[in-house]
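Accompanying notes for the structure given below.
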Amino acid sequence: MAHSVEIRDLNAHVGEEVTVTGWVETTRAHGKVAFAVVRDGTGVVQGVFLKKELDPAVWESHGTLTQECTVALTGAVREEPRAPGGFELGVTGLELLSPSDEYPIQPKEHGVDFLLDHRHLWLRSSQQRAGLKVRAEISQATHDFFYNRGFTRIDTPILTGSIGEHAGTLFETDYFGEKAYLAQTGQLYVETACPAFRRVYCFGPTFRAEKSKTRRHLTEFWMVEPEVAFADSDDNMRLQEDYVSYLVERALERCGEELKVLERDTSKLEHVKAPFPRISYTDAVARLQEKGSEVEWGQDLGAPDEVSLTEDYDLPLFVYNYPKAAKAFYMKENPDDPRTVLCDDLLAPEGYGEIIGGSQREDDLDRLRERIAEEKLPEEAYGWYLDLRRYGSFPHSGFGLGIERTVAWITGRHHIREFIPYPRLMNRLNP
RNA sequence: GCCUCCUUAGCUCAGUCGGUUAGAGCACCUGACUGUUAAUCAGGGUGUCCCAGGUUCGAGUCCUGGAGGAGGCGCCA
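Convert by adding 71 to the 1-based position in the first sequence; the result is the number in our numbering.
Okay, structure coming up:
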């Protein structure tokens, strides 16, 4: 019995007879020679069946292989430039471990609805594997970046009794007779950990009951939310550009194969390095008006406005200090222009839109209470959040980065639904 | 919530002016072929034309209502 190896390690076994276990992607037969491409989760390898060299039972068994059946394939490893992956097996033995009949997903175009209905199988497809691999790398890079900068990871609750930013977009559930909500942000909790650890971040799923039907929205998405004590809005933007630059660098360094599978033009990523350009909201409105937009000072920028602004740059663009009315209650008023708050959005290039929203937080108790009242939010739900301003308040800043949007931009793909294993959309809860 | 479009074979789609028996490719099965890369060639059958009404001699096609889906806007990350 040949020894079992993983496909990614085949280069260390050239000339040996080995066994690979995995799933058959495709087969091709040509009379006296036949092929089977097997995926084992670490790579793909082609097995070559030669009629004149094989036990007739093994030769016949090639005909029983179907798409996605499970096999143990034994053969001699050799280098072969024509083979996908660069190596192939000269097959000597084949064991069918489990059959697979009428696999629904074919190597051709399918509709989105069909693919999402079969998401549990779609995950096996090469571009989906590549996209989720990049997501996993970005996720790991996030932990590495913040760990290396002395941040402490704080896991914030998903079930909460208090409201996040906007009462209208919460998923409500029953909690032993009380109302509970799925967290739409970890920020308020992560802020409370600042006096304990100074630099903290959370990274987990967040939930928004927004009836949004766009390529940029999920009802369940993963967000990275750092928070730093004694950091102002300017420090905050510097952290953001360092972090995003690091994510791009890691993807280029470690996901070259995946980006190739996804047909990403990586030349558009190679120069993405800090510092990123910055424009104030007020200047952005003036520029948009010059370009013919009908936006007026005080309105939030729409998606077409954001795209229009980023067209002038090949780097992510900060737009900072938005009008107070367009932003959340916890953002700190700008002392130089009280109509605005100390905040920033980071807009990704190539039309991908907002990947970060950040701000310096309001650290003055009375002003924060005023803002809660103005927004008609229930103050009693924020008691513990207000305590943070009662017991040793301090300037602090933070931001939230949407992982799926960031991965969609880095991979250059159209829709963020491909970058979470099981996307939750307005009208999709299964599988 | 608003705007636009779509729904025909397992999948992706075509179907003319409303016309008599509903079309293709892929998938699947059979055969040929010693280097394929979504192989190629020959043969094989598959339909609740999304649902319910209506108009008509006749509806996949036109009308009304409903359901499901896609793209965009708003909102946001």
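All C-beta atoms in this analysis are idealised placements derived from N, C-alpha and C, irrespective of residue type, glycine included.
As the structure is a computational prediction, the values presented were derived from the model and not from experiment.
So the candidates are the options; which of them puts its Cα closest to the Cα of residue i?
i	options	result
E77	G114, L310, P155, G483	G114
W94	W455, V85, D111	D111
I487	F292, H84, V390, K362	F292
E243	P346, F222, F278, P266	F278
R410	E421, P449, Q370	Q370
L439	L472, G429, M402	M402
L333	Y462, Q199, L472, T98	Q199
N82	R149, D126, T141, L144	R149
E445	P502, K395, S468	K395
K447	F400, W455, R224	F400
T145	E96, H74, A357	H74
G517	P420, N219, V91	No information on residue 517 is available, as it lies outside the stretch 72 to 502 that the chain covers here.
K339	E151, V142, I481	I481
P348	D313, A201, E367, I474	D313
K179	N219, V104, T97, P152	T97
Roughly how many whole angstroms lie between the Cα atoms of residue i and residue j?
i	j	result
D525	R195	The structure shown does not extend to residue 525, since the chain spans only 72 to 502, so no value can be given for it.
L167	H181	28 Å
A302	P466	7 Å
D80	V89	11 Å
E441	R432	14 Å
C326	G156	15 Å
A322	V205	7 Å
Y246	H191	31 Å
T285	L203	20 Å
K398	L417	14 Å
V108	G221	46 Å
L373	E361	In the sequence as presented, Leu is not what sits at residue 373; that position holds Gly. Straight-line Cα distance between these residues: approximately 16 Å.
F106	S132	12 Å
T477	D434	30 Å
D226	F470	16 Å
A128	G164	9 Å
G483	R335	6 Å
M294	G118	42 Å
D383	F217	31 Å
A452	L436	15 Å
K123	E139	27 Å
S272	G257	Note on identity: in this sequence residue 272 is Tyr, with Ser being the wrong assignment. Spanning the two alpha carbons is a distance of roughly 9 Å.
Grouping DSSP H, G and I as helix and E and B as strand, with all else coil, what is residue i?
i	result
I176	coil
F185	helix
D458	helix
H486	coil
Y391	strand
Y384	coil
T290	coil
Q431	strand
I491	coil
I426	strand
K339	helix
S233	coil
V356	helix
A264	coil
A300	strand
K331	helix
R224	strand
Only counting the same chain, and skipping five residues up and downstream in sequence, which positions put a Cβ closer than 7 Å to that of residue i?
i	result
L496	L289, T290, R488
L459	E262, T263
I176	H189, L192, W193, S196
L413	S304, N392, M402, K403, N405, S430, Q431
K344	S316
R499	L187
H84	V76, V148
A419	P387, I426, W480
For a test of your reading of the model: does the CB of residue i fall under 6 Å from any non-hydrogen atom of the ligand ATP? Yes or no.
i	result
E451	With respect to the ligand ATP, the structure shown offers nothing to examine, as it has no ligands at all.
Starting from residue i, trace the beta strand (DSSP E) both ways and give me its first and last residue.
i	result
Q199	Per DSSP, Q199 belongs to no beta strand (DSSP E); it is in the alpha helix (DSSP H), 197-219.
H467	467-473
Y246	243-246
E159	158-169
S351	349-351
L194	Premise fails: L194 is in no beta strand (DSSP E) and is neither H nor E.
P276	270-278
A128	That residue, A128, is in no beta strand (DSSP E); its alpha helix (DSSP H) goes 127-132.
R499	Neither: R499 is in no beta strand (DSSP E) and is coded neither H nor E.
Y252	249-253
Q370	Run containing Q370: none; DSSP gives neither H nor E here.
What first and last residue would you give for the alpha helix (DSSP H) that runs through residue i?
i	result
E88	Not the alpha helix (DSSP H): E88 falls in the beta strand (DSSP E), residues 88-100.
Y401	Per DSSP, Y401 belongs to no alpha helix (DSSP H) and is neither H nor E.
I443	436-445
Report all residues from its chain with a CB closer than 8 Å to the CB of residue i; omit the five preceding and five following residues, and keep chain order.
i	result
A251	L230, T231, G232, E243, T244, D245
G86	A147, V148, R149
Less than 6 Å between C-beta atoms, sequence neighbours within five positions excluded: which residues of the same chain meet that for residue i?
i	result
I474	W293
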